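The structure under discussion appears below in the form of structure tokens.
In the numbering used here, the protein residues as written are 19 to 391.
This is how it looks when you write it as structure tokens:
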């Protein structure tokens, strides 16, 4: 292996996503590997405009990963001005990343790029790079100026990265490159093998649970509110995960009776999943969600609970008995039926469910291949 600079669309925090699962396993499997994990830049002006706490980026700091002490570095740059005001905004962020890599002692690293807007970093460094496509942001609902930047950035990465990794079959069809690898998501099955205690903040009684980031790109807010109202008096709809909804959407859900717990440490998520009565996926079906490979597919399967989903990619391929996949108009009724069932649950599925260890082995091969002539 070699030194890695990972430019992610997510922070390294207690809510583990694809990159934390993969990077942690690469680090623990190679005592010589060093990683600089670059988080999304802080944007003080944007924070001020939306009334949030204004802060600068957290800069360079050691990461906390047992078994990889001194080899994981985290870096959050600062974007002081919007691109329309400062045409050099991306260049400044790129320069700060290069400086952080040098201070962390990384020599000639490989770039692992997840953010389409990180193309400037590849232009400036020429470091061997892979583009890890986890969402098709070109299909997301974004303002025209941002969409144009995404198109330009992704076009450059697809043309100049030595390897492209995609997380879903749909992305494999649409992200054309000379060297492309399908690397879908996975789950840590060992975390689900024992009986887990019920979390203290999971309400008593019957629970329909959703785990994941709450964002209108994925979540059908109105359908979720309909479900929460239908459950009133018999069960409760609970959301566990970061809340990226506007205040009005949050109020709609809570007024309907849903409980938004917010993010929880990744090690505790299996306890929520295995103690729910049904696991739900009230997602919108759009071109954007068709590009996804939801991690919750694998987490829900490992939990061994009843699953009800709208016909979105990942869950649509399951079908009975693993999941009830129904049209939007039948979703609320299907959840009510699932909660009313008295038949014993089948044992959690383990055979055929991919693990993060298996996925990390594939990513290790991709990174090592980037070092080949």
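Using N, Cα and C, we set each Cβ at its ideal position, and we do this for glycine too. Everything numeric in this text was worked out from a predicted model, so none of it was measured.
In angstroms, rounded to a whole number, what distance separates the CA positions of residue i and residue j?
{"i": "residue 393", "j": "residue 28", "result": "With the chain covering only 19 through 391, there is no way to say anything about residue 393."}
{"i": "residue 139", "j": "residue 265", "result": "35 Å"}
{"i": "residue 242", "j": "residue 285", "result": "26 Å"}
{"i": "residue 56", "j": "residue 360", "result": "48 Å"}
{"i": "residue 383", "j": "residue 375", "result": "13 Å"}
{"i": "residue 366", "j": "residue 118", "result": "44 Å"}
{"i": "residue 85", "j": "residue 44", "result": "11 Å"}
{"i": "residue 81", "j": "residue 125", "result": "19 Å"}
{"i": "residue 326", "j": "residue 106", "result": "47 Å"}
{"i": "residue 221", "j": "residue 269", "result": "19 Å"}
{"i": "residue 120", "j": "residue 170", "result": "28 Å"}
{"i": "residue 308", "j": "residue 330", "result": "7 Å"}
{"i": "residue 75", "j": "residue 93", "result": "8 Å"}
{"i": "residue 252", "j": "residue 225", "result": "9 Å"}
{"i": "residue 273", "j": "residue 244", "result": "11 Å"}
Could you check how far apart the C-beta atoms of residue i and residue j are, in whole angstroms? I think they sit under 8 Å.
{"i": "residue 278", "j": "residue 257", "result": "5 Å"}
Whose C-beta lies closer than 7 Å to the C-beta of residue i among residues of the same chain, with five residues either side of it excluded?
{"i": "residue 152", "result": "36, 132, 185"}
{"i": "residue 388", "result": "128, 146, 148, 180, 181"}
{"i": "residue 30", "result": "38, 55, 57, 81, 92"}
{"i": "residue 111", "result": "59, 95, 97"}
Per DSSP, what kind of secondary structure is residue i in: helix, strand or coil?
{"i": "residue 378", "result": "helix"}
{"i": "residue 333", "result": "coil"}
{"i": "residue 80", "result": "strand"}
{"i": "residue 165", "result": "helix"}
{"i": "residue 226", "result": "strand"}
{"i": "residue 371", "result": "coil"}
{"i": "residue 150", "result": "strand"}
{"i": "residue 258", "result": "strand"}
{"i": "residue 91", "result": "strand"}
{"i": "residue 280", "result": "strand"}
Since residue i sits in a beta bridge, which residues does DSSP pair it with?
{"i": "residue 96", "result": "60"}
{"i": "residue 327", "result": "299, 343"}
{"i": "residue 313", "result": "DSSP, once it has assigned bridges, lists no residue as partnering residue 313."}
{"i": "residue 23", "result": "54, 129"}
{"i": "residue 140", "result": "Looking at the DSSP assignment, residue 140 forms no beta bridge with any residue, so it has no partner."}
{"i": "residue 393", "result": "Absent from the structure is residue 393, since the part of the chain shown begins at 19 and ends at 391."}
Using C-beta distances below 8 Å, list every residue in its chain close to residue i, excluding the 5 sequence neighbours before and after it, in chain order.
{"i": "residue 260", "result": "33, 231, 232, 280, 281"}
{"i": "residue 328", "result": "238, 241, 299, 300, 301, 302, 303, 343, 344, 345, 346, 349"}
{"i": "residue 380", "result": "199, 201"}
{"i": "residue 12", "result": "The chain is shown from 19 up to 391; residue 12 falls before or after that span and cannot be answered."}
If you drop the 5 nearest sequence neighbours on each side, which residues of the same chain put their C-beta closer than 6 Å to that of residue i?
{"i": "residue 114", "result": "95"}
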